[in-house]
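Protein chains in written order, with our numbering: chain A, 1 to 163; chain B, 1001 to 1384; chain C, 2001 to 2158; chain D, 3001 to 3399. The beta carbon of each residue, even a glycine, is placed where N, CA and C say it ideally should be. Keep in mind the model is a prediction, meaning the values are calculated, not measured.
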Amino acid sequence: MAEQKSKKVKAIDETLISHQVLQVPFNYSAGPVASRFLIALRDEKKIFGIRCPQCKVVYLPPRGNCGKCLSALDEWVELKGRGKIQSFTKVNYQESTHPSHPEQFILAVIKLDGADTGLTHMVGEAGEDELEVGTLVEPVFREYRKGNILDIKYFRPIKKGRA
Amino acid sequence: MARKAAIIAAGQTYHKSKRRDVNIVELIHEAVKACLEDAQMGPKDIDAVLIGNMEHFEGVYNPDLWAVDATGALMKHALKITTGGTTGASVAHAGYYHVASGLFDCVLCIGWEKQSDGDTTAGLIFQSDPLFERSNMAGAIGTFALAASEYMDRFGISEEQAAKVAVKNRGNAVNNPYAHLRRPVTVQDVLTSPPLAHPIKLLDMCPTSDGACAIIVASEEVARKKSPNKPAWFKALATRHDQPFNSDLPLLINMRTLQSAAKEAYKQAGITNPRKQFDVAEFYEPCTFAELSWYEALGFCELGGGGKLIDSGVTEMTGELPVNPSGGVISTNCIGATAMIRVAEAALQVMGKAGARQVDGVKTALATGFGGSFWTEITILEGN
Amino acid sequence: MGEQEKTGVELLDISSPANFPYDYSCGKIGSFFFKALRDQQKFYGRKCSECGKVYIPPRPVCGPCYAPTNEWVEVGPQGVLECFTVVHFSFLDPMTGKKRPVPYGYGLIKLDRADSRIQHFLSESDASRLKVGMRMEAVFNEEREGKLSDIKWFKPVE
Amino acid sequence: MSNRVAIVGTFQSGCEREKRGRHITELVYETVSGLMKKLGMEMSQVDNIVSCSQDFLDGRTISNRTIPEAEGAYLKSEAKLAGDGSQAVFYGMIRILSGKYQNCLVLAHAKMSEGSQNVIANAMFDPIYQRALGLDEIIAAALQARAYMTRYKITPEQTAEAAAKALTSAARNKNVFRGKKISAKQVLASKMLSSPIHELEAFMPADGACALMLASEQQAFKWTKSPVWIAGAGSAIEQYYLGDRDLSSAAALKEAAKRAYKMAGIRHPEKEIDLVELSNYFSFQELMYPEALGLCAPGKGAALLASGKTMADGKLPVNPSGGVLGGNPLCVSGLTRVIEAADQINGEAGNIQVKKPVKIALAQGSYGPAGQSQCVLVLSGDAKVKAKVNSPVRKKGKK
Chain A
1 MAEQKSKKVK AIDETLISHQ VLQVPFNYSA GPVASRFLIA LRDEKKIFGI
51 RCPQCKVVYL PPRGNCGKCL SALDEWVELK GRGKIQSFTK VNYQESTHPS
101 HPEQFILAVI KLDGADTGLT HMVGEAGEDE LEVGTLVEPV FREYRKGNIL
151 DIKYFRPIKK GRA
Chain B
1001 MARKAAIIAA GQTYHKSKRR DVNIVELIHE AVKACLEDAQ MGPKDIDAVL
1051 IGNMEHFEGV YNPDLWAVDA TGALMKHALK ITTGGTTGAS VAHAGYYHVA
1101 SGLFDCVLCI GWEKQSDGDT TAGLIFQSDP LFERSNMAGA IGTFALAASE
1151 YMDRFGISEE QAAKVAVKNR GNAVNNPYAH LRRPVTVQDV LTSPPLAHPI
1201 KLLDMCPTSD GACAIIVASE EVARKKSPNK PAWFKALATR HDQPFNSDLP
1251 LLINMRTLQS AAKEAYKQAG ITNPRKQFDV AEFYEPCTFA ELSWYEALGF
1301 CELGGGGKLI DSGVTEMTGE LPVNPSGGVI STNCIGATAM IRVAEAALQV
1351 MGKAGARQVD GVKTALATGF GGSFWTEITI LEGN
Chain C
2001 MGEQEKTGVE LLDISSPANF PYDYSCGKIG SFFFKALRDQ QKFYGRKCSE
2051 CGKVYIPPRP VCGPCYAPTN EWVEVGPQGV LECFTVVHFS FLDPMTGKKR
2101 PVPYGYGLIK LDRADSRIQH FLSESDASRL KVGMRMEAVF NEEREGKLSD
2151 IKWFKPVE
Chain D
3001 MSNRVAIVGT FQSGCEREKR GRHITELVYE TVSGLMKKLG MEMSQVDNIV
3051 SCSQDFLDGR TISNRTIPEA EGAYLKSEAK LAGDGSQAVF YGMIRILSGK
3101 YQNCLVLAHA KMSEGSQNVI ANAMFDPIYQ RALGLDEIIA AALQARAYMT
3151 RYKITPEQTA EAAAKALTSA ARNKNVFRGK KISAKQVLAS KMLSSPIHEL
3201 EAFMPADGAC ALMLASEQQA FKWTKSPVWI AGAGSAIEQY YLGDRDLSSA
3251 AALKEAAKRA YKMAGIRHPE KEIDLVELSN YFSFQELMYP EALGLCAPGK
3301 GAALLASGKT MADGKLPVNP SGGVLGGNPL CVSGLTRVIE AADQINGEAG
3351 NIQVKKPVKI ALAQGSYGPA GQSQCVLVLS GDAKVKAKVN SPVRKKGKK
């Protein structure tokens, strides 16, 4: 205990440093729109967008209102579950915030067919070299799904013969 | 003063301790939508969007960015101003400055908090000084308990007198459909409610609420030509900050910032007899004792006379100067929105739109904001 | 429940436990103060070069004068209890992620020769045994590491 | 009522990777008292204060609760703008134009060494759809960089050139710590953080503070012989979700610049502006942002850089200070751009002063994932600059 405590005050060049960690278990309401989207991921392995009745934009991820005209959104559009990479990056550093702390992982903005905006998610089963802007991808769902965004395990390139 | 500016519309959410039916941005949007509907305006009519909250309560860094769809700020001038409990008033004042500057005609101001997504007392402990206060302080409850002990000792204020503030405000909240706690209480209820931190009991203290509030501040031209509501003009505003530690401040609860800000704002608005000249006041009273001491700081009575003033009934709905017809903070407290709700409620009173909580014939209304280390934001609004 | 009926959707919560580490520098002035607590069990306040007010917690500048503080003045270890409370409600301490043990007393103590007050724990957690105006003195921990909690608490002077 | 607002004094106390030896109050006091001394101004003469900081960076809810004494806010009006320092200048200007104040102290401070930058930045992403993916500022910028570079066929060598220019320029700037004479090749040899962004192409967390004083037209000459006027100001915010945006262009910056130009009466920015200080948190932004500012055609940022025009001795110097890559913390970075631009106008930029005369300078700040929120200020040393304030947003025909 004493040892653990003493870690909390470090001295650097005669300056005392107080080490503290803010620990709060945040628990966010997803709200009805995101809940419906996540439930469809969880229960049906389906990805839904939501259409603005005025602007006609199909938003992914779905949200309660259109940012442009502020219309309430409730017209759900089932997306085909395939799309194109708009941009991607391979992350080469480690951070506690990264999903399951892999050493390297790829994130991409993916525009699914039928949606007008892109979803940011991971890309798996492919190296960075195999990807480019425009690569066709499809979602891979987790076996045990919990009703969160990681119910999509990642997107993977559609290989010939599998499309 | 430069250009005149007025509040022409206000909107707020229904408040409760946990709004699971909306996420953060949907909660904000509820207030924005209500406000735009009140103004009969669309997002195109708005020049700028100003917003604020306290970020550690929800653990979202720069939530203004996430909320951009919900606020209608897309491609607009948008600023985030966060000053603690005073945030809602700081944002409302920023709305005034924006319009008075001549650069903007119609500014949407938003304050919000979704406290149930996080932990309020933990967030407030995180607000205290990391080296000198954090290990021992116990949120706002602890701070006001310290302040109340000093106040009671100095002026002989009783717990019964403080309890009367809760009775009055909770009674008023019955008339406010937006209030979080709408069940009236008695002095006995307050005195026998569970002790939180001596001498503060559960019913002496504000709740923690999820909620949001939005107002539109507009130029004179917009206010006169486009507003469906009677404008509530900014007559005076004043802000005061203080030294960093609560322990620096002599006679904590009497708030030298409030006294100093009142002096400036009263001078600007020509207020010499606040009890007569104000028709209504909305206080940011986090606890019962605070309302009593702020009667004094605001010159409604002499120093130490807050207890007698509540006894006299002057600040009741039927009194000479009703304080907190909305039910005040003791009935609803969504921190980043709270100070703006005070301004919005004062504006509704001036507009004559306060429904069952309306005070007759309001011309001049006062709103206070509280935050940080006993900081103040005062707003005086006026009709016609 | 009511909300579910209202929205017609099973409402989900997304849990996201926060863990934000910080290393706060005590700076020159804070380090001097905490080292004196640790090594000498003494309190030092910082005196304003203009108005002469002695500040504790110590700081580089006096707000009202906007003048630098330029002198260390030994204050305490006794003082007067000016505000106090006993905390009964249980709450999450973000520094540990756990509930802070209650009840506990804390207060604002004006140390002798200081002009501002210091906030800290009190030995008493029974409000009836505390009174504004009481003389108090600091009780130090055996093991000290250079932080405010090197002071165990303030107890009434017998 | 003041029709225009001037910067009448600036002060930088210098940024470092870590200022472990200093408490935030010590840092802010050093900075603000330094400015006051330079101006010969008493704190009692300061009307009000706008500070810029972030609760998450400072590890304190209400980050401005630490500094009221150190910044002189005792019984004064202070407002904390929790965004970028450039916006704090904009807001300070607005407060003076409102007629309530004659001057405004604007400061920004951050000690990023005390927090964990990527953990904090991750909290900027919404907890429902994005946070669990591990996104942070570097990753968001990398996604933008790839989209931009793909669309305009920009090579890694070209963005590395921008980093090399920035770091080499920063070597002459005494207020930053990361400068060194370096080649594009060396930049490309640094660790890949998140492709295509290398370590030397990304900003580095830093500690620092800076401040400036704004004054009304009536009061400006009381404090300086050479006020720098804020001739134009504009800001805008774009979509939050990266997939909502066209990441290959900076739409919010384009809009912010349009507003600032309208207010300043600038029609041909590439000809009328003498110097630019922009917030290059990442190297590709030094290519992309001049396009949004109308200094070159879309996709031509790399060609502009290669032409030498934006070098310190070129016709349109961009970031002679090295910009954010030289080593500025968040919040402070945007205010530093404004200070650098103002100092260049007054010939007070020391050994990074450009040779050409600078009359009109542009400063840009941003915050948020992939530059979501943008602010542009146009500064002018010309006393005959348009005396009337045009609204940056009001539509024509609206009286």
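Judged by DSSP secondary structure, Thr3159 (chain D) falls outside any beta strand (DSSP E) and instead within the alpha helix (DSSP H) spanning 3156–3170.
Residues of the segment 3048–3071 of chain D with a C-beta atom less than 9 angstroms from some C-beta of chain C are Phe3056, Asp3058, Gly3059, Arg3060, Pro3068, Glu3069, Ala3070, listed in chain order. By a beta-carbon distance limit of 8 angstroms, Pro1228 (chain B) contacts Gln1040 (chain B). Their separation comes to about 5 angstroms.
Residues of the segment 1187–1212 of chain B with a C-beta atom less than 7 angstroms from some C-beta of chain C are Pro1195, Leu1196, Ala1197, His1198, listed in chain order. Between Thr1086 (chain B) and Met1054 (chain B), the C-beta spacing is not below 8 angstroms. Taking 8 angstroms as the cut-off, the beta carbon of Glu1320 (chain B) is found closer than this to the beta carbon of Arg1275 (chain B).
According to the DSSP secondary-structure assignment, Leu2148 (chain C) is paired through a beta bridge with no residue. Remark: fewer than three beta-carbon pairs, one from each stretch, lie closer than 8 angstroms, so the segment 1216–1227 of chain B and the segment 1333–1346 of chain B are not flagged as touching. Boundaries of the beta strand (DSSP E) around Val3376 (chain D): 3373–3380. For the alpha helix (DSSP H) assignment, the uninterrupted runs of no fewer than 4 residues enclosed by the segment 3166–3206 of chain D are, from N- to C-terminal side, 3184–3189. Around Tyr1295 (chain B), the same chain offers Cys1301, Gly1306, Leu1309 as residues with beta carbons nearer than 6 angstroms, after the five sequence neighbours per side are excluded. Contact note: Leu3081 (chain D) reaches chain B through Leu1079, Lys1080, Ile1081, using a C-beta cutoff of 8 angstroms and chain order. Interface flag for Arg2117 (chain C) against chain B is set, since a Cβ pair is found closer than 8 angstroms. For Asp1153 (chain B), the enclosing alpha helix (DSSP H) has its first and last residue at 1139–1155. Taking Pro1244 (chain B) as reference, the option from B:Ile1157, B:Ser1128, B:Ile1215, B:Leu1366 with the minimal CA-CA separation is B:Ser1128. Contact check for Ala3123 (chain D) against Gly1059 (chain B) passes: the beta carbons are separated by less than 8 angstroms. Three or more beta-carbon pairs separated by less than 8 angstroms link the segment 3255–3271 of chain D to the segment 3286–3305 of chain D, which places the two stretches in contact.
Each residue's CA atom was taken as its position, placing Asn3351 (chain D) and Asp3343 (chain D) some 11 angstroms apart.
Taken through DSSP and simplified to helix, strand or coil, Arg51 (chain A) comes out as strand.
Annotation: Leu41 (chain A) is outside any beta strand (DSSP E); the continuous alpha helix (DSSP H) that includes it extends over 31–44. Leu119 (chain A) reaches chain D at Tyr3129, Tyr3241, Gly3243, counting residues in chain order whose Cβ is nearer than 9 angstroms.
Among the residues of the segment 1121–1145 of chain B, those with a Cβ less than 7 angstroms away from any Cβ of chain A are Ala1122, Phe1126, Pro1130, Leu1131, in the order of the chain. An exposed status is given to Ala1356 (chain B), since fewer than 16 other beta-carbon atoms sit within 10 Å of its beta-carbon. Within 10 angstroms of the beta-carbon of Val3358 (chain D) lie 16 or more other beta-carbons, which makes it buried. Counting along the chain, Thr1379 (chain B) sits inside the beta strand (DSSP E) bounded by residues 1375–1382.
Residue environment for Cys2051 (chain C): exposed (fewer than 16 other C-beta atoms within 10 angstroms of its C-beta). A check of alpha carbon separations from Pro1207 (chain B) across B:Ser1219, B:Gly1327, B:Gly1052 identifies B:Gly1327 as the nearest. Of all alpha-carbon atoms in D:Lys3262, D:Lys3037, D:Lys3222, D:Tyr3241, the one lying nearest the alpha-carbon of Gly3234 (chain D) is that of D:Lys3262. Listed in chain order, the non-local C-beta contacts of Trp3229 (chain D) below 6 angstroms within the same chain comprise Arg3004, Ala3006, Ser3380, Val3385, local neighbours out to five positions each way being set aside.
For Cys1206 (chain B), the three-state secondary structure derived from DSSP is coil. Where Val2075 (chain C) is concerned, the enclosing beta strand (DSSP E) starts and stops at 2067–2075. Unbroken beta strand (DSSP E) runs of no fewer than 3 residues, entirely contained in the segment 3201–3235 of chain D, are found at 3207–3216, following chain order. Under the rule that a run must span 3 or more residues, the beta strand (DSSP E) segments found entirely inside the segment 1031–1083 of chain B read 1048–1052, 1077–1080.
For Phe26 (chain A), the nearest CB of chain C lies under 8 angstroms from its own CB, placing it at the interface with that chain. In this structure, DSSP gives Ser2016 (chain C) an extended state, which the three-state scheme calls strand. According to DSSP, residue pairing for Gly2107 (chain C) in a beta bridge involves C:Phe2084, C:His2120.
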